[in-house]
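Chains as they are written, first to last, in this note's numbering: chain A, 1 to 114; chain B, 115 to 228.
Report on one structure; see the data block that follows.
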């Protein structure tokens, strides 16, 4: 069974801290994505990557950066965490070359910035 | 990417058929229509995808009229466990490179009552 694993289920960080959210996929998929989900706002795309060392900004990249050094790992970085970054963060993987291009999501990381 | 519009919420009872309609007036020729299901505290899960006419799998059916400006997700005989948020997405395959990202709206919150 294919999997996307996010390193932490719950995380509490202080304002100003540098935060790393890790995501690993075992599907050999080229595409990986980071979304955040907030009540009433649905899922919003932060960044995505279609290849190692490649990245593209999504709809809300401000305050975030990403790293993709290996195909299976996609990290989301909060350079200086702020309270408005308290949210559920969801990582996904997808194979863009196939007709069926559904994403596989991880279980999410609920981040609280205090 | 084409914008989608779907009802914010729907209520149903166990055993009933539920139809959730999504509008996507500016769908492009290369766009496919995909539906996801999300339970609380979990990432979205792919349900079904289609391009035109009707698609059916073990979970749901997807009806797409000839003009493709809308689509209807049909869930036969729902149970309490179908209570979830359902997202309609429209997007293309990004050409040969497969470089794309899907945009999620706010979804439809389906509540199934006993």
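Glycine residues also receive a C-beta, built at the ideal position from the N, C-alpha and C atoms.
Inset, instruction - Look up residue 83 of chain A in the DSSP assignment and say whether it is helix, strand or coil. - result: Note: residue 83 of chain A maps to helix in three-state DSSP.
Legend entry - Pair within 8 Å by beta-carbon distance, residue 44 of chain A and residue 50 of chain A: No.
Legend entry - Exposure of residue 59 of chain A, with buried meaning 16 or more beta-carbon neighbours within 10 Å: Classification of residue 59 of chain A: exposed, given that the 10 Å Cβ count is below 16.
Legend entry - Cutoff 8 Å: residue 151 of chain B Cβ touching any chain A Cβ: False, the Cβ-Cβ gap to chain A never drops below 8 Å.
Inset, instruction - Rounded to whole angstroms, what's the CA-CA distance from residue 161 of chain B to residue 181 of chain B? Just pull it up for me. - result: It is roughly 22 Å from the alpha-carbon of residue 161 of chain B to the alpha-carbon of residue 181 of chain B.
Legend entry - Contact with chain B by residue 41 of chain A, beta-carbon distance below 8 Å: Yes, its Cβ sits closer than 8 Å to a Cβ of chain B.
Inset, instruction - Could you check what DSSP says for residue 78 of chain A in three-state terms: helix, strand or coil? - result: Residue 78 of chain A falls in the strand class under three-state DSSP.
Inset, instruction - Taking residue 205 of chain B as part of the beta strand (DSSP E), name the residues at either end of that continuous run. - result: The continuous beta strand (DSSP E) containing residue 205 of chain B extends over residues 198 to 205.
Inset, instruction - Give a yes or no on whether the minimum CB-CB distance between residue 157 of chain B and chain A is below 8 Å. - result: Chain A places a beta carbon closer than 8 Å to that of residue 157 of chain B, counting this residue as a contact.
Legend entry - Own chain, CB closer than 7 Å to residue 171 of chain B, minus 5 neighbours either side, in chain order: Only residues of its own chain outside the window of five on either side were considered, and among them 162 have a CB closer than 7 Å to the CB of residue 171 of chain B, listed in chain order.
Inset, instruction - Quick one: list the residues of chain A neighbouring residue 221 of chain B, beta-carbon separation under 8 Å, in chain order. - result: Listed along the chain, the chain A residues whose CB falls inside 8 Å of the CB of residue 221 of chain B are 42.
Inset, instruction - Anything in chain A within Cβ reach of residue 148 of chain B, meaning under 7 Å, just list it in chain order. - result: Under the 7 Å cutoff, chain A gives 102.
Legend entry - Cβ-heavy atom distance, residue 14 of chain A to the ligand ADP, below 7 Å: Ligands displayed in this structure: none; no statement on the ligand ADP is therefore possible.
Inset, instruction - Please say whether residue 137 of chain B and residue 195 of chain B have beta carbons closer to each other than 8 Å? - result: Going by C-beta atoms, residue 195 of chain B is not nearer than 8 Å to residue 137 of chain B.
Legend entry - Short-range partners of chain B found in the stretch 27 to 41 of chain A, where Cβ spacing is below 8 Å: Listed in sequence order: 30, 31, 33, 35, 40, 41.
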